[in-house]
Amino acid sequence: MDTNVVIVGAGPAGLAVAACLKKAGQDFVILEKAAEIAPSWRRHYRRLHLHTVKSFSSLPFVPFPKSHPRYVPREKVVAYLDAYAQRFGLKPHFGVTVKSIRREGDRLQVETDAGPFSASKVIVATGNNAQPVMPGFPGIEAFKGEVLHSSAYTQAAPYAGKDVLVVGMGNTGAEIALDLADSGARPTMSLRKGVHIVPRQLFGVPIQMVGIASRTMPRALNDWMFPKILDLALGRLEKYGIVRPKQGILAQIEAGRIPVIDVGTVAAIKAGRIGIAPDIASFTGHGVTFADGVEKKFDAAIFATGYRPGYDGFLPAELRPEKSGVNPRARQLGVYLVGFYNPVTGLLREIGIEAQAVAKDIAGRG
Ligand SMILES: Cc1cc2nc3c(=O)[nH]c(=O)nc-3n(C[C@H](O)[C@H](O)[C@H](O)COP(=O)(O)OP(=O)(O)OC[C@H]3O[C@@H](n4cnc5c(N)ncnc54)[C@H](O)[C@@H]3O)c2cc1C
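Counting in numbering that gives the first Met the number 0, the sequence shown runs from 0 upward without gaps.
Encoded structure:
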């Protein structure tokens, strides 16, 4: 099939860029390997609410409804995305997996399991959180408990009364540990290194807005000031085994590591409802030996160890732009990434900004 633009992925990024292209009068097709739009949001754990405020998390042209809470629950995000696709008449080709992309003259050939597509531009919107990362640990094969990645975790009920190891304290690990603690399980979070934690609201102001405002401040001032403010807001967490990394929050974000936005995990740690442990030295048949030599039994281990971006398998190095959004290499290649830069101000907000810029760039260049 010949088209102007192929969009790969029908998550928030693919939908946002499609809506912007539609408004700009551009032809496109959306290829989505799943059977419906936004499959990742349908799969996420049930407790999930957006960590970012709704006013800075909606896609272009369509704010979240006024009646929605400030932090929108997962099922309402799914309904919003369904309505978004409907509003712009977006009809992805479902069940189509992109296998490879290559240049042929002035066209890009997109090979899929449903046949080839030819386009002058390709937008890769396959997600920054696409492929679950499961690090190897010595002895993991011997562990008799359940082992799963956080992407397969949906709810805490099956773990009530059980000792559960949560490996990693990112936003997902922190919230799953809280979910477990609230549902009668006994979670322990293992931390390999230091972590920055910020409250979801800092003295009543959503942290996302604080992040937006603080971007104009010099880095050194940010790095000096924030630890003091966060100690005031959350208390000193070293005594619970949580240390702050030497690298400041902004430097970490630039390196791709966003801080944990606390939705109640810190209070549960302080109350002793969530245990904190150091790195894992090895798994045993029935549990884990931690780096400090302490052994503990566990019934399950949930790896909240993050994701890899989702284009490694089909986008060759010679067709990769240097970064997400509009940039000289993307223009030259005709291949744009949308949704692969996660700033302090939130990925969904950034997706909206990138989608509009990319659509404008494509429309302006014919
Ligand atoms: C648990 C969790 C909570 C989050 N909470 C927030 C939040 O509160 N605020 C915020 O701003 N951000 C949040 N994010 C980050 C981000 O906004 C989401 O991950 C969001 O879904 C990204 O949208 P996307 O379209 O880029 O990627 P995805 O939603 O992952 O969509 C990518 C799509 O591409 C498809 N695809 C992949 N490979 C192929 C292929 N080869 N061929 C065809 N289709 C393919 C996938 O099936 C998928 O539908 C969260 C992320 C996670 C994991």
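C-beta atoms are modelled at their ideal positions from N, C-alpha and C, and glycine is treated no differently.
Check, Outcome
"Rounded to whole angstroms, what's the CA-CA distance from S56 to L107? Just pull it up for me.", "32 Å"
"Tell me which same chain residues have a C-beta within less than 8 Å of the C-beta of V52, skipping the five on either side of it?", "R69, Y70, P205, Q207 and M208"
"Quick one: what's got a C-beta closer than 7 Å to T2's C-beta in the same chain, skipping five residues either side?", "D26, F27, V28, F116 and A118"
"Report, in whole angstroms, the separation of the C-beta atoms of L177 and T304, which I expect to be a contact under 8 Å.", "18 Å between Cβ atoms; not a contact."
"With three or more C-beta pairs closer than 8 Å as the rule, is the region 220–232 touching the region 174–193?", "no"
"Looking at the structure shown, is K366 part of a helix, part of a strand, or coil, going by DSSP?", "The structure shown has nothing for residue 366, since the chain only spans 0 to 365."
"Is the beta carbon of D298 less than 9 Å from the beta carbon of V163?", "yes"
"What's the C-alpha gap between K90 and I211?", "34 Å"
"Using only CA atoms, which one of Y152, I275, R86 and V97 lies nearest to L314?", "V97"
"Is the shortest distance between the beta-carbon of D162 and the beta-carbons of chain C less than 9 Å?", "Any reference to chain C falls outside this structure, which holds one protein chain only."
"Nearest-angstrom Cα distance between P198 and V7?", "35 Å"
"Please report the distance separating the alpha-carbon of T111 from that of R328.", "24 Å"
"Cα-Cα, which of T344, F142, A354 and G193 is closest to R214?", "T344"
"Restricting to Cα atoms, I'd like to know which of V287, Q246, A155 and R102 is closest to S189.", "V287"
"For the putative contact between G309 and G126, defined by C-beta atoms under 8 Å, what is the C-beta separation to the nearest angstrom?", "5 Å"
"Report yes if the C-beta distance between V262 and H48 is below 9 Å; otherwise report no.", "yes"
"I want to check one thing, is the minimum distance from the CB of G126 to the heavy atoms of ligand 1 below 8 Å?", "yes"
"Ignoring anything shorter than 3 residues or poking outside the region 118–148, list the beta strand (DSSP E) runs there in chain order.", "145–148"
"Starting from the Cα of R101, find the closest Cα among G312, A23, F87 and A266 and give me that residue.", "G312"
"Hey, is H43 close to ligand 1, as in C-beta under 8 Å from one of its heavy atoms?", "yes"
"Below 8 Å, is the gap between the Cβ of S54 and the nearest heavy atom of ligand 1?", "no"
"Check whether the region 319–335 and the region 350–363 are in contact - that is, three or more C-beta pairs closer than 8 Å.", "yes"
"Which partner residues of R102 appear in the DSSP bridge assignment?", "L107"
"Which full runs of the alpha helix (DSSP H) of 4+ residues lie inside the region 14–86, going along the chain?", "38–42 and 73–86"
"Pull up the CB-CB distance for R307 and A155, whole angstroms please, since I reckon it's below 8 Å.", "Wrong, their Cβ atoms sit about 26 Å apart, outside the cutoff."
"Given that a residue counts as buried once 16 or more other Cβ atoms are within 10 Å of its Cβ, and exposed if not, what is F202?", "exposed"
"Can you check which of these residues, H285, A290 and F289, is closest to K296 by C-alpha distance?", "H285"
"To which residues of the same chain is R218 closer than 8 Å at the C-beta, ignoring the five residues directly before and after it?", "G247, L249 and A250"
"Please tell me whether, using a cut-off of 8 Å, the distance from the CB of N221 to the nearest non-hydrogen atom of ligand 1 is below it.", "no"
"Whose CA, out of Y44, R191 and F63, lies closest to the CA of S281?", "R191"
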